[in-house]
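Student: Here it is, the structure in full.
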Amino acid sequence: MILIASGSYVVSSLVNELGRIPPSFLPLGNKCLYEYQIDILKALEQDIYISVPDSYIVSQFDVKRLQELSVKIIKVPDGISLGSSIVYSWLSTGKKYKRLVLMFGDTLFSDINLSECLSVSSFSVHPNKGLYDRAKLESITDGDENTNNQFVEDNSLIISGFFSFQEPHKLMQGIINNSNNFISGLVYYYKNNDVFINRTGRWYDFGHVHSFFP
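So for the sequence shown, this note's numbering puts the first residue at 184; every next one is plus one.
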């Protein structure tokens with residue numbers, strides 16, 4: 184299973200510029216961001232899902248386009264945490280997928296190595312840009328499940344939003360055991376599984392106005 188996690192709305196500064204939309208529906212050139220994300224992910228030949236907030240009305244154009252791309256829409260309750268949204272999406276498929284590939288809805292990558300993500304667990308890591316709440320790599324590898332996002336300096340290594348999980352049930356367990364905190368779920372998974380740190384490719388962050396309009 185591949186999940187594009189786009190189950191919340193963009194931050195208020197982007198709402199003012201582009202409207203109240205989920206991040207994967209941000210305009211990029213003459214397409215939506217999700218088209219570029221799917222173009223990368225389709226090479227894995229797995230079922231692809233995209234989450235959106237329940238209150239978001241997907242346009243007929245986007246419904247048709249996602250159908251053409253063989254992508255299923257999952258509507259998640261408004262206002263829930265990222266961790267809750269991922270668990271909800273996982274359970275709502277009604278299937279017992281053996282692995283999970285996850286991409287944040289506000290991210291895109293070029294030249295990232297996908298060759299092993301169906302055979303090993305991996306977290307993508309890239310140098311930070313800007314002053315935003317991020318999950319530092321060392322916060323994950325230190326093994327403290329009470330960790331949270333924090334403001335980090337430029338070029339500090341951070342978790343950048345592409346993951347593969349060979350035992351997704353352990354991720355769900357880690358999230359649920361830690362009050363639905365996704366970062367704590369990652370720490371739990373890292374402590375209990377072999378995880379490859381994927382530093383390949385270039386990361387593009389579309390989650391903030393200054394990174395969307397550089």
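Here a beta-carbon is modelled for each residue, glycine too, at the ideal position from N, C-alpha and C.
1) Would you kindly work out how many angstroms separate the C-alpha atoms of His352 and Ser304, rounded to a whole number?
2) What residues match up with Ala318 in a beta bridge as DSSP calls it?
3) So, using beta-carbon positions, are Phe306 and Val378 closer together than 8 Å?
4) Roughly how many angstroms lie between the CA atoms of Phe334 and Ala318, to the nearest whole one?
5) What does DSSP give as the partner residue(s) for Met286 in the beta ladder?
6) What are the boundary residues of the alpha helix (DSSP H) that includes Tyr192?
7) Under the three-state reduction of DSSP, which class applies to Leu291: helix, strand or coil?
8) Alpha carbons only, please: which of Ile380, Leu340, Leu265 is nearest the one belonging to Ile366?
9) In the segment 228 to 315, which residue ranges form an unbroken beta strand (DSSP E) of at least 3 residues, counting only runs that do not cross its ends?
10) So what does DSSP say about Leu340, is it helix, strand or coil?
11) Check whether the Cβ atoms of Arg385 and Phe292 sit closer than 8 Å, and answer yes or no.
12) Taking only three categories from DSSP, how would you classify Pro351?
13) Would you mind working out which of Tyr192, Ser347, Leu354 sits nearest Ile240, comparing C-alpha positions?
14) Assign Phe379 to one of three DSSP states: helix, strand, or coil.
15) Excluding the 5 residues preceding and the 5 following Asp289 in the sequence, name in chain order all residues of the same chain whose CB lies nearer than 6 Å to its CB.
16) To which residues of the same chain is Val235 closer than 7 Å at the C-beta, ignoring the five residues directly before and after it?
Tutor: Reading off the structure:
1) Whole-angstrom Cα-Cα distance: 13 Å.
2) Paired residues: none, contrary to the question.
3) yes
4) Legend: pLDDT at Phe334 = 48, less than 50; position of this residue unreliable, value from coordinates given subsequently. Approximately 9 Å, taken between the alpha carbons.
5) Ile187, Phe345
6) It is not in any alpha helix (DSSP H) - Tyr192 carries neither H nor E in the DSSP assignment.
7) Leu291: strand per DSSP, three-state reduction.
8) Taking the Cα of Ile366 as reference, the smallest distance to any Cα among Ile380, Leu340, Leu265 is reached at Leu265.
9) 231 to 236, 254 to 259, 283 to 287, 290 to 293, 304 to 310
10) strand
11) Their beta carbons are under 8 Å apart, which means Arg385 touches Phe292 by this criterion.
12) Three-state DSSP puts Pro351 in a helix.
13) Tyr192
14) strand
15) Pro206, Phe389, Gly390
16) Ser189, Gly190, Pro205, Val241, Ile256, Lys258
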